[in-house]
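K.L.:
This is the structure I have questions about; it appears just below.
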Amino acid sequence: MPIIESIYTDGACTGNPGPGGWGTVVYFQDGSIHEMGDSSHGKTTNNKMEMQAAIAALEYFHASGQTEPITLYTDSEYLINCVTKWVKGWKRKGWKKADGKPVLNQDLLEKLDDLNNRKIKWEYVRGHAGNIGNERCDAIARAFASGNVPSLQSISDINYGNGFSRQNSEVAVTRVSDSLTESTIINKKQQQISTLASDITNMELPTVSATSTNEELPRETRVTQLRNLVETLHIADEIAEKGYLITSSELADLMDVHASAVTSRGDQWRWRNWVVSRVRREGNQILWELERGDLVNHEGEES
């Protein structure tokens with residue numbers, strides 16, 4: 176086994192709750208790559224899929240027997256906070272939150288807590304910002320969530336640990352032959368990919384588009400994703416036109432991000448064609464307003 180340098184994880188869900196999928200990409204120091212992913216039967220959530228991707232990553236790392244530390248990248252601040260901050264308090268309180276309610280996804284959190292150790296450095300990476308590892312994980316997760324099986328790269332045949340073995344994940348992994356010829360071809364391909372980023376641990380490349388990653392998906396999947404996007408944009412347009420106020424969680428669902436990614440952006444910011452403004456707080460909820468930014472600019476120019 177070559178030395179693992181970093182791992183990227185991501186989860187996706189159509190509907191939240193709805194059909195879900197997760198993706199994990201393992202980067203090695205020699206430039207090779209190993210990809211994993213799977214879908215969830217029935218309805219699931221984004222958070223569950225984010226956690227499952229991280230669990231698969233950590234199980235793979237432990238099964239490798241590697242002693243060198245790694246960096247695990249995720250675009251879920253919720254996942255990082257759960258694993259590095261909140262889980263200790265929840266365990267002390269018998270898996271109860273501050274309001275006395277049970278902690279959601281306790282079974283997955285217990286697995287993550289068991290697998291986590293000081294060799295794992297958790298690092299947040301901004302989603303949909305051109306980061307190669309994040310974009311690839313997102314493409315894998317969304318493909319599985321849409322009911323498709325993407326072609327994945329594989330370099331090993333090890334047992335991944337409890338609940339995730341190669342035998343029950345063959346649908347998710349395209350096994351590569353161990354022959355020298357194919358191995359050489361794969362390494363050359365990975366070297367070409369690695370030239371896009373001189374340092375895998377610093378792979379913030381805003382100039383790299385997600386288009387190349389999406390093109391690897393089947394056409395039907397891309398069309399379905401586009402159709403879902405258009406529907407989302409129509410909903411946002413109607414909210415703006417009717418002057419509806421929506422909560423942070425509702426806005427996060429519309430944007431397909433975690434609620435913390437909404438509240439951390441400030442009182443006013445842009446999202447696609449809209450200016451998003453914080454209006455007021457009602458109880459423990461923040462209400463937001465959407466206004467078409469392109470129409471505002473156009474009217475301003477005419478005046």
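According to our numbering, the sequence shown is numbered sequentially starting from 176.
The beta carbon of each residue, even a glycine, is placed where N, CA and C say it ideally should be.
(1) Within its chain, find whatever has a CB closer than 6 Å to the CB of Asn-323; leave out the 5 residues flanking it on each side and keep chain order.
(2) Is it the case that the Cβ atoms of Ala-540 and Trp-449 are separated by a distance below 8 Å?
(3) State the DSSP-derived secondary structure class of Asp-288, mapped to helix, strand or coil.
(4) Hey, out of Tyr-299, Leu-247, Ala-228, whose CA is closest to Ser-214's CA?
(5) Measuring CA to CA, which of Arg-453, Tyr-419, Met-226 is closest to Leu-279?
(6) Just to confirm before moving on: does the CB-CB distance between Ile-410 and Leu-429 stay below 8 Å?
(7) Would DSSP call Asp-412 helix, strand or coil?
(8) State the Cα-Cα distance for the pair Thr-220 and Gly-195, rounded to the nearest angstrom.
(9) Give me the residue from Ile-330, Gln-400, Val-258, Glu-243 with the minimum Cα distance to Ala-314.
(10) Using the Cα positions of Asn-292 and Pro-192, report the straight-line distance between them to the nearest angstrom.
(11) Hey, could you find the ends of the beta strand (DSSP E) Gly-193 is sitting in?
(12) Please say whether Thr-184 and Ala-232 have beta carbons closer to each other than 8 Å?
(13) According to the neighbour-count rule (16 or more other Cβ atoms, all chains shown, within 10 Å of its Cβ), is Val-454 buried or exposed?
(14) For Glu-243, I'd like the list of residues in its chain whose CB is within less than 7 Å of its CB, leaving aside the five on either flank, ordered along the chain.
(15) Taking a contact to mean a Cβ-Cβ separation below 8 Å, would you say Tyr-253 touches Val-300 in this structure?
(16) For Gly-212, name the three-state secondary structure that DSSP assigns.
(17) Which whole-angstrom value is the C-beta distance of Val-198 and Gly-212, which I expect to be below 8 Å?
(18) For Thr-259, does the count of other Cβ atoms within 10 angstroms reach 16, so buried, or fall short, so exposed?
(19) Specify the secondary structure class of Ala-327 as computed by DSSP and reduced to three states.
(20) Hey, would you say Tyr-235 sits closer than 8 Å to Val-200, going by beta carbons?
(21) Let me know the secondary structure DSSP gives Thr-219 once reduced to three states.
(22) How would you call Gln-367, buried or exposed, if buried means at least 16 neighbouring beta carbons within 10 angstroms?
(23) Does the Cβ of Ala-273 have 16 or more other Cβ atoms within 10 Å, making it buried, or fewer, making it exposed?
(24) Just reading off the alpha helix (DSSP H) that Leu-426 is part of, what are its end residues?
P.N.:
Let's see:
(1) Walking along the sequence shown from the start, residue 323 turns up at place 148. The beta carbon of Asn-323 sits closer than 6 Å to those of Pro-393, Thr-396, all from its chain and outside the five residues before and after it, given in chain order.
(2) The structure shown does not extend to residue 540, since the chain spans only 176 to 478, so no value can be given for it.
(3) Taking the first residue of the sequence shown as 1, we reach residue 288 at position 113. Asp-288 falls in the helix class under three-state DSSP.
(4) Taking the sequence shown and counting its residues from 1, the one referred to as residue 214 is at position 39. Ranked by Cα distance from Ser-214, the first of Tyr-299, Leu-247, Ala-228 is Ala-228.
(5) Position 104 of the sequence shown, counted from the start, is the residue given in the question as residue 279. Leu-279 has its Cα closest to that of Met-226, out of Arg-453, Tyr-419, Met-226.
(6) As a position in the sequence shown, residue 410 is number 235, starting the count at 1. As a position in the sequence shown, residue 429 is number 254, starting the count at 1. Leu-429 sits close to Ile-410, with the two beta carbons spaced by under 8 Å.
(7) Residue numbering aside, residue 412 sits at position 237 when the sequence shown is read from its first letter. Three-state result, Asp-412: helix.
(8) Position 45 of the sequence shown, counting from 1, holds the residue named residue 220. Position 20 of the sequence shown, counting from 1, holds the residue named residue 195. Cα to Cα, the separation comes out at about 7 Å.
(9) Along the sequence shown, read from residue 1 onward, the residue named residue 314 stands at position 139. If you compare the alpha carbons of Ile-330, Gln-400, Val-258, Glu-243 with that of Ala-314, the shortest gap goes to Gln-400.
(10) If you number the sequence shown from 1, residue 292 lands on position 117. If you number the sequence shown from 1, residue 192 lands on position 17. Rounded to the nearest angstrom, the gap between the Cα atoms of Asn-292 and Pro-192 is 30 Å.
(11) To locate residue 193, count along the sequence shown from 1; it is residue 18. Gly-193 -> beta strand (DSSP E) spans 193-203.
(12) For the purposes of this step, residue 232 is taken as residue 57 along the sequence shown, with counting starting at 1. For the purposes of this step, residue 184 is taken as residue 9 along the sequence shown, with counting starting at 1. In this structure, Thr-184 lies closer than 8 Å to Ala-232 by Cβ.
(13) Sequence index remark: in the sequence shown, residue 454 carries index 279 (1-based). Classification of Val-454: exposed, given that the 10 Å Cβ count is below 16.
(14) Against the sequence shown, residue 243 aligns to sequence position 68. Counting only Cβ-Cβ distances below 7 Å, and skipping sequence neighbours, we find Ile-178.
(15) Position 78 of the sequence shown holds residue 253. Position 125 of the sequence shown holds residue 300. The Cβ atoms of Tyr-253 and Val-300 lie no closer than 8 Å to each other.
(16) Stepping through the sequence shown from its first residue, residue 212 is reached at position 37. The answer is strand: DSSP assigns Gly-212 an E or B state.
(17) Here residue 198 corresponds to residue number 23 of the sequence shown, with the count starting at 1. Here residue 212 corresponds to residue number 37 of the sequence shown, with the count starting at 1. Per the sequence presented here, residue 198 reads as Gly, with Val not at that position. About 4 Å separates the Cβ atoms of Gly-198 and Gly-212, confirming a contact at the 8 Å cut-off.
(18) Here residue 259 corresponds to residue number 84 of the sequence shown, with the count starting at 1. Within 10 angstroms of the beta-carbon of Thr-259 lie fewer than 16 other beta-carbons, which makes it exposed.
(19) Taking the sequence shown and counting its residues from 1, the one referred to as residue 327 is at position 152. Per the sequence shown, residue 327 should be read as Leu rather than Ala. Looking at Leu-327 - three-state DSSP - the assignment turns out to be coil, as it is neither helix nor strand.
(20) Stepping through the sequence shown from its first residue, residue 235 is reached at position 60. Stepping through the sequence shown from its first residue, residue 200 is reached at position 25. No.
(21) One-based indexing of the sequence shown puts residue 219 at position 44. Secondary structure at Thr-219: strand, using DSSP grouped into helix, strand and coil.
(22) Position 192 of the sequence shown, counted from the first residue, corresponds to residue 367. The predicted position of Gln-367 is uncertain, since its pLDDT is 39 and thus under 50; a value taken from the coordinates is nonetheless stated next. Under a 10 Å Cβ-count criterion, Gln-367 is classified as exposed, with fewer than 16 other Cβ atoms of the shown protein chains found around its own Cβ.
(23) Mapped onto the sequence shown, residue 273 falls at position 98. By the C-beta density criterion, Ala-273 is exposed, having fewer than 16 other C-beta atoms within 10 angstroms.
(24) As a working mapping, residue 426 is identified with position 251 in the sequence shown. Here the alpha helix (DSSP H) through Leu-426 covers 423-430.
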